[in-house]
Amino acid sequence: MRPPAETTMARRPKLAVYKFSSCDGCQLQLLELEDELLELAGEIDIAYFLEARRRVEPGPYDIGLVEGSISTPEEEERIRQARRDCRVLIAIGACATSGGIQALRNWADIEEYTACVYAHPEYIATLDVASAVAGYVYVDFELRGCPVNKYQLVEVLTAVLAGRRPQVPTYSVCLECKRAGTPCVLVSRSIPCLGPITQAGCGALCPRYHRGCYGCYGPSETPNVTALCDYFIQNLGVTRPEIVRLLRGFNGYLEPFKTASDDYEQDSRL
Amino acid sequence: MSKTAASETRVIDVRALARVEGEGALFLRLENDQVAEVKLRIYEPPRFYEAFLRGRSYAEVPDLTARICGICPVAYQMSACHAIEMAFGVEVGGQLRALRRLLYCGEWIESHVLHMFLLHLPDFLGCESALALATDHRDLVVGALRLKKAGNELVRAIGGREVHPINACVGGFYRVPTRSDLEPAAEMLMASRGFAVDALRFLTGLEYPVLEMDYDNVALRHATEVAMNEGQVATSRGLEIPVSQFTDHFEELQVEHSNALHGRLKGGGSYLVGPLARLNLNWELYPQPLRDLAREIGFALPCRNQFKSILARGFETLYALDHALEIIRRYERPERSRVEVKPRAGVGHGCTEAPRGILYHRYELDADGLVRSADIVPPTAQNQPQIEADLAAFVPRVLHLSQDDLTLRCEQLIRNYDPCISCATHSLKVRVERRTR
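As they're listed, the protein sequences go chains Y and B. Residues in the first sequence are numbered consecutively from 1, following our numbering. Residues in the second sequence are numbered consecutively from 271, following our numbering.
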């Protein structure tokens with residue numbers, strides 16, 4: 001990762017936080033750092049962060065955090081400007097890295113969707129698909145999660161400032177689960193769990209609460225999606241439409257979840 | 271700014287509102303000192319929840335709708351669960367019901383404290399942010415962050431994490447906490463109680479802009495408790511209806527300048543939801559010590575000044591804190607984490623008190639428990655016409671202010687509502703135009 005050129009200088013690095021189509025939850029993670037927030041604000045100049053402050057310092061910025069997917073013509077213009085304004089641009093959260101839950105509309109007819117929600121669809125300006133930020137501009141790092149883990153967020157900021165690669169594991173939730181000593185919900189309770197194919201980061205939360213992982217952090221490295229889903233079908237009696245819904249969650253438009261969900265959808269029509 | 275006797279146009283134009291959740295703008299045009307046009311423009315992109323929920327399973331709905339808002343996910347989970355339970359004919363009582371209230375207390379605290387101290391208070395003290403505020407009022411900001419953390423700890427202890435908790439489900443919870451799971455949160459809440467009271471005393475000493483509005487307050491009302499999850503929808507004009515009749519009396523209209531639908535009372539007009547509306551309607555149900563404290567510090571209810579909503583949030587925070595401690599004290603871990611549910615075809619309605627006001631959900635489900643249609647009415651969409659009405663009434667009284675100060679006051683007025691724009695589009699931008707001819 002390219003370090004911001006002037007971080008060694010006395011000047012505090014400038015941070016910009018952008019919001020696109022999203023729920024605010026990922027940028028909120030910065031404000032949820034109750035113990036670290038004031039210290040962080042001492043180290044970094046929070047130059048543009050509309051949710052937290054009214055004052056806007058003009059760019060360029062050293063680091064830009066981008067929350068949300070790109071889903072309107074105005075957002076497409078704004079993300080290109082953000083890329084020009086930021087030396088390092090980091091996409092945070094499922095919306096910015098996969099399109100997010102609103103990417104479910106990518107499988108649908110957007111005109112029918114608009115008419116379903118709004119009485120005057122002609123007032124609504126929207127792109128045909130909701131996309132990850134990297135679909136439009138070069139992104140230096142993608143931090144997954146719905147929402148992102150706030151400590152991973154701090155790690156990414158720290159790494160960028162130090163000019164090193166962020167230590168964010170890409171292995172599966174299973175490893176976190178085993179390390180925590182949580183009994184496998186798939187084996188011991190026969191609950192369909194996306195843990196084997198989902199990237200770690202949440203702390204293997206759902207199995208600790210006796211429920212299956214539902215994929216908040218997107219696909220892990222080299223996931224075998226069909227092996228797992230076929231197991232669900234053959235051994236747990238899960239139906240194909242249920243598999244399609246399971247894969248089409250907060251990261252459903254990310255490969256290989258997307259193609260696998262399309263395949264199971266085709267199969268269920270045979 | 272020169273003022274001529276003839277015709278004067280003045281415009282306030284704020285293109286990206288700060289310290290609100292989501293994206294919005296304000297455009298306000300004055301002709302001869304009267305507000306000729308006021309548009310709270312919500313440009314947050316539409317996310318089409320009601321459309322993509324169709325065909326999803328009832329069991330997914332609480333987790334899917336939670337993603338409408340990262341600040342009040344619990345509210346979405348609760349309204350969704352109650353609506354679906356009504357459709358399936360399921361009642362959730364006893365300790366499971368108490369746990370839901372406890373989870374909601376956590377969200378009221380973290381959401382209210384975030385808004386009061388980090389988003390709203392800087393307006394009263396002439397600061398651009400809480401970070402700037404921390405220079406002169408460090409103890410206040412540190413105390414607020416600690417209280418906020420206590421609320422979040424409660425959400426985490428029950429829900430697994432603060433943003434988009436994973437434990438709530440139709441029928442109850444996936445796993446119920448043990449008593450010792452809840453104790454760290456209880457200790458943090460107790461440690462912050464002194465701050466919550468002192469903060470109220472401090473807030474009551476702020477200078478409040480004068481505003482007197484004849485609000486039609488709308489909130490849930492319950493016979494015996496401060497309503498959170500259950501009750502009738504009540505208004506200060508005397509309407510009191512079961513939640514299932516919500517759409518018979520309230521409607522949502524689409525206006526050209528906003529991606530959020532506008533809430534209206536059928537045959538009526540704008541109305542107020544949120545902390546002040548709740549206190550105005552339900553004050554007699556609040557514990558006596560809280561009412562004594564309000565009297566002592568001179569906060570009189572009913573209150574018709576939304577600038578004082580920050581005090582209403584403060585009282586609700588203190589209530590939620592005390593109530594949470596009481597629920598934890600009486601908590602006995604239930605044997606079953608949830609009531610068994612059996613899908614059946616039907617329609618269900620749910621309405622709960624989100625931090626910003628009533629949040630209504632309606633689902634039509636098929637025999638397999640798949641969603642046939644969904645309707646979600648968030649609090650900010652309902653408050654949007656009232657915000658515009660407040661601006662129209664308030665601005666003519668403060669025309670002596672400079673353009674910058676006037677713009678700031680308009681923004682503050684919008685922030686009175688703790689608007690959650692992400693919710694309202696499942697937005698806010700301020701423009702004040704001043705033209706002198």
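Backbone N, C-alpha and C define an ideal beta-carbon position, used for all residues, glycine too. These figures come from a predicted structure and were not determined experimentally.
By a beta-carbon distance limit of 8 Å, L31 of chain Y contacts A52 of chain Y. Their separation comes to about 6 Å. Excluding sequence positions up to five before and after E255 of chain Y, its CB lies within less than 8 Å of the CB of P219, all in the same chain and listed in chain order. Boundaries of the beta strand (DSSP E) harbouring E142 of chain Y: F141 to L143, taken from the DSSP string.
Counting along the chain, the unbroken beta strand (DSSP E) around D62 of chain Y starts and ends at Y61 to E67. With contacts defined as CB atoms closer than 9 Å, F141 of chain Y and A108 of chain Y fail to qualify as a contacting pair. Judged by DSSP secondary structure, I233 of chain Y falls outside any beta strand (DSSP E) and instead within the alpha helix (DSSP H) spanning V225 to L236. By the Cβ-count criterion, L236 of chain Y is exposed, with fewer than 16 other Cβ atoms from all chains shown falling within 10 Å of its own Cβ. For T505 of chain B, DSSP records a beta bridge to B:V488.
In this structure, R84 of chain Y sits away from Y136 of chain Y, with a CB-CB distance that is not shorter than 9 Å. Chain-ordered listing is empty here: chain Y has no CB closer than 8 Å to the CB of Y478 of chain B, the nearest sitting near 20 Å. Per DSSP, reduced to three states, the secondary structure at K578 of chain B is helical. A distance below 9 Å separates the beta carbons of I428 of chain B and G376 of chain B.
Counting only runs of 4+ residues, the alpha helix (DSSP H) found wholly inside the segment 561-636 of chain B occupies 579-599, in chain order. Burial check for M460 of chain B: the Cβ neighbour count within 10 Å stays below 16, so the residue is exposed. Collapsing the DSSP output to three states places R642 of chain B in a strand. Secondary structure note for E278 of chain B: its beta strand (DSSP E) is the uninterrupted segment E278 to V284. For Q304 of chain B, the enclosing beta strand (DSSP E) covers residues Q304 to I312. Leaving aside the five residues that flank R299 of chain B on each side, the residues in its chain whose CB is nearer than 7 Å to its CB run, in chain order, T279, V281, A306, E307 and E703.
Contact annotation: A295 of chain B and A286 of chain B have beta-carbon atoms nearer than 9 Å. V290, E291, G292 and E293: these are the residues of the segment 290-312 of chain B whose beta carbon lies less than 9 Å from some beta carbon of chain Y, given in chain order.
Scanning the segment 668-694 of chain B from its first residue to its last, the whole alpha helix (DSSP H) runs of 4-plus residues come out as 673-685 and 691-694. The beta carbon of D267 of chain Y sits no closer than 9 Å to any beta carbon of chain B. For secondary structure counted as the alpha helix (DSSP H) over 4 or more consecutive residues, the segment 36-120 of chain Y holds these complete runs in sequence order: 37-43, 73-85, 94-98 and 110-117.
In chain B, no part has a C-beta under 9 Å from the C-beta of V185 of chain Y; the shortest such distance is about 10 Å.
Under the three-state reduction of DSSP output, A461 of chain B falls in the helix class. For K536 of chain B, no CB of chain Y lies under 9 Å from its own CB, so it is not counted at the interface with that chain. Spatial neighbours of C397 of chain B in its own chain (CB-CB distance under 7 Å, excluding positions within 5 residues in sequence) are listed in chain order as L403. Proximity to S172 of chain Y across Y:V156, Y:G181 and Y:P223 peaks at Y:P223, based on C-alpha coordinates.
Taking 9 Å as the cut-off, the beta carbon of C213 of chain Y is found closer than this to the beta carbon of P207 of chain Y. Annotation: Cβ neighbours of G430 of chain B in chain Y (cutoff 7 Å, chain order): L205 and Y209.
Per DSSP, the unbroken beta strand (DSSP E) holding Y18 of chain Y starts and ends at K14 to K19. Only those residues of the segment 324-357 of chain B whose C-beta falls short of 7 Å from the nearest C-beta of chain Y are listed: R326, S327, E330, D333, L334, R337, I338, C339, G340 and I341. Secondary structure at Q199 of chain Y: strand, using DSSP grouped into helix, strand and coil.
Residue pairing by DSSP puts E291 of chain B in a beta bridge opposite B:C690.
One alpha carbon belongs to I44 of chain Y, the other to D409 of chain B, and they sit about 21 Å apart.
Excluding the 5 residues flanking it on each side, C229 of chain Y has same chain C-beta neighbours closer than 6 Å at I243, in chain order.
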